[in-house]
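Right, one structure below, let's go through it.
Numbering (UniProt numbering), first residue to last: 1 to 147.
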């Protein structure tokens with residue numbers, strides 16, 4: 001939460017914006033207000049604020065990065081319950097397995113992996129289920145929790 005103060009006064013007499021940002025999705029909501037507004041007075045939205053909010057939420061965040069994968073890269077594969085019922089028996093089992101080698105890039109969204117025969121599934125996966133393998137750092141990350 002944050003306040004933007006000292007703006008030019010609007011037709012409705014508002015000169016501040018109360019900004020609320022969702023920590024996980026980074027989605028922001030902008031609420032016009034007076035310096036002394038309370039929750040009852042914040043029910044009215046300024047006319048242009050929904051457009052500003054839409055523009056802000058449609059822009060790419062600076063921490064968003066495009067993952068570039070190519071054949072011969074190693075990746076970790078997310079094990080979905082419906083696709084890998086034998087490998088995901090409980091909540092505590094690993095959700096990713098690997099590293100697996102990329103054999104072929106089918107298009108920007110799909111890759112073919114070199115999987116062991118016991119997996120018994122198609123070797124083609126959407127990029128949403130692949131994560132670049134970082135070696136030992138990757139393994140440590142999955143076992144530790146931030147303080």
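C-beta: ideal position from N, C-alpha, C; glycine also.
Bear in mind that the values here come from a model prediction, so they are computed numbers and not experimental data.
Give the DSSP-derived three-state secondary structure of residue i in the structure shown.
i, result
"residue 116", "coil"
"residue 50", "helix"
"residue 42", "Because residue 42 carries a pLDDT of 49, less than 50, the predicted location of this residue cannot be relied on, and no value is offered for it."
"residue 57", "helix"
"residue 15", "coil"
"residue 138", "Caution is warranted here: a pLDDT of 47 is assigned to residue 138, below 50, making its placement in the model unreliable, and no coordinate value can be reported."
"residue 34", "coil"
"residue 4", "strand"
Measuring alpha carbon to alpha carbon, tell me which of the options ends up nearest residue i.
i, options, result
"residue 4", "18, 73, 105, 79", "18"
"residue 68", "109, 8, 25", "109"
"residue 95", "54, 9, 76", "76"
"residue 60", "9, 22, 26", "26"
"residue 72", "57, 104, 80", "104"
"residue 33", "132, 97, 8, 130", "8"
"residue 74", "1, 6, 24, 134", "134"
"residue 118", "85, 92, 132", "85"
"residue 92", "101, 98, 81", "81"
Excluding five sequence neighbours on each side, which residues of the same chain lie with their C-beta closer than 6 Å to the C-beta of residue i?
i, result
"residue 51", "none"
"residue 21", "28"
"residue 181", "For residue 181 there is no data in the structure shown, the boundaries of the chain being 1 and 147."
Apart from the five residues just before and just after residue i, which ones in its own chain have a Cβ nearer than 7 Å to its Cβ?
i, result
"residue 128", "none"
"residue 123", "112, 113, 115"
Using a Cβ-Cβ distance cut-off of 8 Å, determine whether residue i contacts chain B.
i, result
"residue 6", "Among the protein chains of the structure shown there is no chain B, as only one such chain exists."
Q. At what residue ranges does the UniProt domain "Tf2-1-like SH3-like" (73 to 133) contain a whole run of the beta strand (DSSP E), taking only runs of 3 or more?
A. With a minimum length of 3 residues, the continuous beta strand (DSSP E) runs that stay inside the UniProt domain "Tf2-1-like SH3-like" (73 to 133) are 74 to 78, 96 to 105, 110 to 114, 124 to 126, 130 to 132.
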